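Asks: Numbering (the numbering used here), first residue to last: 12 to 943. Backbone N, C-alpha and C define an ideal beta-carbon position, used for all residues, glycine too. Everything numeric in this text was worked out from a predicted model, so none of it was measured.
(1) DSSP state of residue 241, grouped into three classes?
(2) Restricting to Cα atoms, I'd like to know which of 914, 632, 921 is closest to residue 842.
(3) List the endpoints of the continuous alpha helix (DSSP H) containing residue 291.
(4) With a threshold of 16 other CB atoms inside 10 Å of the CB of residue 161, please say whether the residue is buried or exposed.
(5) For residue 860, count the other beta carbons within 10 Å of its own beta carbon; 16 or more makes it buried, fewer makes it exposed. Which is it?
(6) Taking the alpha-carbon positions, what's the residue 575 to residue 613 distance?
(7) Shortest alpha-carbon distance to residue 419 belongs to which of 904, 610, 403, 440?
(8) Over the uninterrupted alpha helix (DSSP H) stretch that includes residue 310, give me the two end residues.
(9) Check whether the Cβ atoms of residue 415 and residue 382 lie closer than 7 Å to each other.
(10) May I have the straight-line CA-CA distance separating residue 618 from residue 675, to the nearest angstrom?
(11) So residue 579 packs on residue 530, CB below 8 Å; how close in whole Å?
(12) Do residue 632 and residue 651 have their beta-carbon atoms positioned less than 7 Å apart in this structure?
(13) Quick check for students: name the residue ranges of the beta strand (DSSP E) that lie wholly in the region 380–439, counting only runs of 3 or more.
(14) With 16 other CB atoms within 10 Å as the buried threshold, where does residue 872 fall?
(15) Checking the sheet assignment: what are the DSSP bridge partners for residue 719?
(16) Within its chain, find whatever has a CB closer than 8 Å to the CB of residue 318; leave out the 5 residues flanking it on each side and keep chain order.
(17) Which one of 202, 268, 201, 263 has the shortest CA to CA distance from residue 230?
(18) Residue ranges of each alpha helix (DSSP H) run of no fewer than 4 residues wholly in the region 517–548, ordered along the chain?
(19) Can you give the Cα-Cα distance for residue 54 and residue 63, rounded to whole angstroms?
(20) Could you pull out every residue in the same chain whose Cβ sits closer than 7 Å to the Cβ of residue 919, ignoring the five residues on either side in sequence?
(21) Would you call residue 156 buried or exposed, if buried means 16 or more other Cβ atoms sit within 10 Å of its Cβ?
(22) Excluding sequence positions up to five away, which residues of its chain have a Cβ less than 6 Å from the Cβ of residue 511?
(23) Mapping DSSP to helix, strand and coil, what is residue 92?
(24) Please state if the CB of residue 247 and the CB of residue 200 are separated by a distance shorter than 7 Å.
(25) Helix, strand or coil for residue 652? Go by DSSP, reduced to three states.
(26) What do you get for residue 537, buried or exposed, if any count of 16 or more other CB atoms within 10 angstroms of its CB means buried?
(27) Please check the pair residue 99 and residue 91, which I expect to be a contact at CB under 8 Å, by giving their CB distance rounded to whole angstroms.
(28) Which class does residue 171 belong to by DSSP, given the choice of helix, strand or coil?
(29) For the alpha helix (DSSP H) that contains residue 812, what are its first and last residues?
(30) Can you tell me which residues form a DSSP beta bridge with residue 934?
(31) Buried or exposed for residue 943, please, with buried defined as at least 16 other CB atoms from any protein chain shown within 10 angstroms of its CB.
(32) Give the C-beta separation of residue 624 and residue 507 to the nearest angstrom, bearing in mind that I take them to be a contact with Cβ-Cβ under 8 Å.
(33) As a quick exercise: from 328, 253, 102, pick the residue whose alpha carbon is nearest that of residue 174.
(34) Where do the ends of the beta strand (DSSP E) carrying residue 267 lie?
(35) Inspect the beta-carbon positions of residue 654 and residue 516 and report whether they are closer than 7 Å.
(36) So is residue 308 buried or exposed if we call it buried at 16+ other beta carbons inside 10 Å?
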């Protein structure tokens, strides 16, 4: 039983549940610009780090962080943390530099280690210094070229591409107040016979509007008068034209209306993007049945075959098309879905370019290709790796899930409308380094791709996925499945691949099913304890495989860590049950080695249930080019033939142990998994998985008593399955515990009761949040939800009385702010200085300088009246702690030798009502007399 109460918060409480929930964290940003932060601003009695403050401007009370430089609108979620704990996900403000998070019952102790991150990358601190253990990146070649694949999917076909566009009536999507546009760029073959397969593109989260002839861009929607919508949907024309020449009907859809509103969505807009994709597919299904009803741009190209659809998504668009693939197999809850109706298409595969994975919910039975840009400066942790790793063991495993790591590619340049020199609107290179140089990713280095090189490589691999997933042409599989081939059309790009699924037989997956001995250990991919974690915080760089999700510790995600000096002791990975490699041609392993390392040799041996051994061969693994700024600890796929096992008399149907023996030198490596492998791509028949969606229930707190509610959970589909459920350890939500739960459609197997205790004291909404991820036989739609108790009590009345309002210089002016009754949350008042109505006004030179420096961006020189302070004025607040009824406002003055007239101050206290609308008044004054 979880209790959600509004007991009085203690001074050491970090955060009540409300601030943890990313749902309430998405509030409508104020139309006003945010004030520049004052170094050392305070939250109540707590001093905040530089750049942070409590903001009283606008329609709510927020924790505010302001960057010294603009922060471009991107796809990665900006997050506030303290220590290892996620506080919440703030909303970007119109100034392009500030981010605000609703406070709820937030209390921060002195010295709080506040951090701002996006995809694991710090936004509020300089780039990390080079780690001691990270070898310098090579200044020359990006690496030896792979052998050429016999079939190059990047070669243009024989059909003539024809381009056009359409605009339909905008649509309403659940949770969004503004309608979303139905606009698309169409490129298709003019003369291809019969009905043609379809490729639909969805761009990611980017700025929405721009002012022509200026550098002004916004993330608002709809676009204001005098501005234009950024045509992000036109950014994939190179790939569209290539596919059209090969006989594909392509459509790239606009999603600015989602980008401008997805801060309102608990899932970051994934369900909305899925709805938009399926809205367009429904129109195409109509036009396929009756082409005469289609727009001219559609009538002018070959007809579409909706039984063969490839979805291509960039960044948040990648997560959106992944959700669209799921929703096409298993309907979303009706109250969340904006595209209900009969599914008249079949998704054959997805291409996910630098995708987000907020939901950690890949679709196991739809083949996928995740493109991981090695110099991604937006989704920099390359969390899209989960679309490969997260599918293992969930379903039958017949679908191929591939990841290609594109050395030297950034996030933006896959879209020409996000690329400087090609875009109509202002654009930028998303990768940056503090000193302007990075050995791998700075422009001009041998490993960094130009925009045109990156776009050529992107188009080639999109075409490879279309050829394999939609056309079933197995000749392009070696480009995607870790065989190690390259496509000449990708130019100089070094593109490496690994995969799971297809004709792989899972053998050794690190976790509870194996034991590790010898020179290795089972390590946790995500864990705050360095002794448990696979990759230490000071290792330098990151790993896509170890990307952080919702919680600091995530059971069920493991690897095998190896470390050795010289010819190290073999590492033994023993399965609790014998595994069969019968029918496989080779044993394939995915192995991570440190960036820039060369020649890591491992001897591979298998042992059967009878103890017979067979040394299969030696593999060599090289690290990727990387620096402390890149996410380059990425697994390479290596294979050894299984023919030696048969010659040694090993029973390949009963393999129990895998041994890896390092050869020479000092080194480290991590085993992600090992499987039996044979060539080919099997037909994929989606299983009848149980679908799980977590909802959110909002209830009124009430005045008394305890009411029990249950988190809404919907389980649909045709069979039972298993998920991992994460719930808070206690009502502070400082950590989560997890357990495995078997779910069955129509049952209430996930039954989480939440107690809400009513009272008559004012407080903020509080939330209990939980989340799930698929483990076996399940698919997850909405992964996060809970119960939110809504405050229904009026805020106490606030009064202000003078304590020492007429003082001699050198003394402090003091006023007392008092509540009519205690509240369950802290009450904030902001003090604004106003020009005095007569006489001399106290200036910045007349107050204590340390006190002033803590409350302004910069102490003015020469001095100015307090009411004339530039850059947002003086930040002075009054904070009444939870359960208390009063506090004091102080303005300390200094004594000087300057003869001055009596000076005065005039100020106004602003408080906030129960809806956090600002309430002006009362005004108050003070006088400072000169001391001779």
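Replies: So, from the data block:
(1) In this structure, residue 241 counts as coil in the three-state DSSP scheme.
(2) With distances taken between Cα atoms, residue 842 lies closest to 921.
(3) That run of the alpha helix (DSSP H) goes 281–300.
(4) Counting every other CB atom within 10 Å of its CB across the protein chains shown gives residue 161 a total below 16, marking it as exposed.
(5) Residue 860 is exposed by the Cβ-count criterion.
(6) Looking at the two C-alpha atoms, the distance is approximately 11 Å.
(7) Nearest of 904, 610, 403, 440 to residue 419, Cα basis: 440.
(8) From DSSP, the alpha helix (DSSP H) with residue 310 extends over 307–310.
(9) It is a contact, given that the beta carbons lie within the stated cut-off.
(10) Roughly 23 Å separates the two Cα atoms.
(11) Confirmed, Cβ separation roughly 5 Å.
(12) The Cβ-Cβ distance between residue 651 and residue 632 does not fall below 7 Å.
(13) Counting whole runs of 3 or more residues, the region 380–439 contains the beta strand (DSSP E) stretches 412–417.
(14) Of the residues assessed, residue 872 falls on the exposed side of the cut-off, its CB having fewer than 16 other CB atoms within 10 angstroms.
(15) DSSP output for residue 719 lists 766 as bridge partner(s).
(16) Taken in chain order, the residues that qualify are 356, 357.
(17) Among 202, 268, 201, 263, the Cα nearest to that of residue 230 is on 268.
(18) DSSP runs (the alpha helix (DSSP H)) wholly in the region 517–548: none.
(19) Residue confidence is low: residue 54 scores 43 on pLDDT, short of 50, so the model does not pin down where it sits. Its coordinate-derived value is still stated next. Cα-Cα distance, rounded: 9 Å.
(20) The residues are 843, 845, 931, 932, 934.
(21) In the assembly as shown, residue 156 is an exposed residue. Its beta-carbon has fewer than 16 other beta-carbons within 10 Å.
(22) Cβ neighbours of residue 511 within its own chain (closer than 6 Å, five residues either side excluded): 399, 403, 412.
(23) The answer is strand: DSSP assigns residue 92 an E or B state.
(24) No; because the gap between Cβ atoms is not below 7 Å, this pair is not in contact.
(25) Correct three-state label for residue 652: strand.
(26) A buried status is given to residue 537, since no fewer than 16 other beta-carbon atoms sit within 10 Å of its beta-carbon.
(27) For residue 99 against residue 91, the beta-carbon gap comes to about 6 Å, under 8 Å, which counts as contact.
(28) Residue 171 falls in the coil class under three-state DSSP.
(29) From DSSP, residue 812 is part of no alpha helix (DSSP H) but of the beta strand (DSSP E) over 809–815.
(30) DSSP output for residue 934 lists 919 as bridge partner(s).
(31) Exposed.
(32) Their Cβ separation, rounded to whole angstroms, is 31 Å, which puts residue 624 and residue 507 out of contact at 8 Å.
(33) Proximity to residue 174 across 328, 253, 102 peaks at 253, based on C-alpha coordinates.
(34) Segment 267–270 is the alpha helix (DSSP H) holding residue 267; no beta strand (DSSP E) there.
(35) Contact: no.
(36) So residue 308 ends up on the buried side.
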